[in-house]
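Chains as they are written, first to last, in this note's numbering: chain A, 1065 to 1177; chain B, 33 to 145.
Cβ atoms here follow ideal geometry from the backbone N, Cα and C, with glycine treated the same way.
Down below is the structure, laid out as structure tokens.
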Amino acid sequence: EAQVTQNPRYLITVTGKKLTVTCSQNMNHEYMSWYRQDPGLGLRQIYYSMNVEVTDKGDVPEGYKVSRKEKRNFPLILESPSPNQTSLYFCASSFDRFNSPLHFGNGTRLTVT
Amino acid sequence: AQTVTQSQPEMSVQEAETVTLSCTYDTSENNYYLFWYKQPPSRQMILVIRQEAYKQQNATENRFSVNFQKAAKSFSLKISDSQLGDTAMYFCAFMKGNSKLTFGKGITLSVRP
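Below you can see the structure in the form of structure tokens.
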């Protein structure tokens, strides 16, 4: 089944403890991206990747890192999480930039205390 | 920078009736894509419909259709014969050629039995 898999679905952590949210897609998609969803703000793009080893900042990249060493994986790294990064995170992928819709993962609810 | 505005935070509709969700956007681009995504309580993001800006014909997907007014930069979603399963948050989104997807803040739609 074609899908975008995020893990974990829920995560509670403390300020400053490094964490990684994994994202993997099995559709051979070139484009992958991360979003955070906050009440009243909709979804905002954190980072995106056009292909392996090609990443770029979205609207809210501060405090996040990403890597794209393999086509299928696009992990989101929080080196030193802070409470303002408490949010719902979505990974998404698509085949190309223009004609393909985004496929979303099921989301990761992160709480930083 | 592109902006997407969904001015109605929530709406309610009677089952089997028709409802229209509004969305406006601001861009200087000529070629772009517009989307409506649905997020049910399961929080999964589901693509409802997509419109290419270069197409004058309004997109239609079963009970869902759009009214795309390029000059007015308006992109409303019409849901006909509303069903209980349509209860969800709906996001309007804009994408230009560099793959940056900009979302509106969303509207909560409730379908009453």
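Problem set entry | Per-residue DSSP class, three states only, for Q1149/A | helix
Problem set entry | Listed by chain order, chain A residues near F123/B by CB distance under 8 Å | G1106, L1107
Problem set entry | 6 Å Cβ shell around K1082/A - same chain, five flanking residues per side excluded | E1143
Exercise. Rounded to whole angstroms, how far is the Cβ of V98/B from the Cβ of S108/B, which I believe are closer than 8 Å?
Worked result: 7 Å
Exercise. At what residues does the beta strand (DSSP E) containing A125/B begin and finish?
Worked result: 120 to 127
For this session: Determine, using beta carbons only, whether F135/B comes closer than 8 Å to chain C.
Result: Absent here is chain C; the protein component of the structure consists of chains A and B.
Exercise. When you compare each of E47/B, L66/B, N62/B, V51/B to F100/B by their alpha carbons, which one comes out closest?
Worked result: L66/B
Problem set entry | chain A contact residues for G138/B, given Cβ-Cβ distances below 7 Å | G1106
Problem set entry | Integer-rounded CB distance, given that S1097/A should sit under 8 Å from G1122/A | 7 Å
Problem set entry | G1106/A - DSSP class collapsed to helix/strand/coil | Note: G1106/A maps to strand in three-state DSSP.
Exercise. Do you know whose CA, among K87/B, S39/B, D118/B, P41/B, lies nearest N62/B's CA?
Worked result: Of the residues K87/B, S39/B, D118/B, P41/B, the one whose Cα lies closest to the Cα of N62/B is K87/B.
For this session: Anything in chain A within Cβ reach of M43/B, meaning under 7 Å, just list it in chain order.
Result: Taking a Cβ-Cβ threshold of 7 Å, none of the residues of chain A is close to M43/B; the smallest such distance is about 16 Å.
Exercise. Going along the region 68 to 89 of chain B in order, which residues come within less than 9 Å of chain A, judged by CB to CB distance?
Worked result: The region 68 to 89 of chain B vs chain A, Cβ under 9 Å: Y69, Q71, S74, R75, Q76, M77, I78, L79, R82, E84.
For this session: Use the C-beta contact count for P1089/A: other C-beta atoms within 10 angstroms, 16 or more gives buried, fewer gives exposed.
Result: It should be noted that the sequence gives Gln, not Pro, for residue 1089/A. Buried is the call here.
Exercise. The beta strand (DSSP E) spanning V1176/A covers which residue range?
Worked result: 1172 to 1176
For this session: Answer with yes or no whether the minimum CB distance from L1152/A to chain B is below 8 Å.
Result: yes
For this session: Give every residue of the same chain whose Cβ lies closer than 7 Å to the Cβ of K1129/A, excluding the five residues on either side of it in the sequence, and list them in chain order.
Result: The beta carbon of K1129/A lies closer than 7 Å to those of I1141, E1143 in the same chain, with the five residues before and after it left out.
Exercise. Do I111/B and T56/B have their C-beta atoms closer together than 8 Å?
Worked result: No.
Problem set entry | Straight-line gap, T37/B to S1157/A (C-alpha atoms, nearest Å) | So the alpha carbons of these two residues sit roughly 24 Å apart.
Problem set entry | Proximal chain B residues relative to P1072/A, where beta-carbon distance stays under 8 Å | Going along chain B, no residue has its Cβ under 8 Å from P1072/A, so there is no contact; the nearest lies around 14 Å.
Problem set entry | Residue from E47/B, T52/B, L79/B with nearest C-alpha to S1164/A | L79/B
For this session: Specify the secondary structure class of L116/B as computed by DSSP and reduced to three states.
Result: In this structure, DSSP gives L116/B a helical state, which the three-state scheme calls helix.
For this session: Assign A120/B to buried or exposed, taking buried as 16 or more other Cβ atoms, counted over all protein chains shown, within 10 Å of its Cβ.
Result: buried
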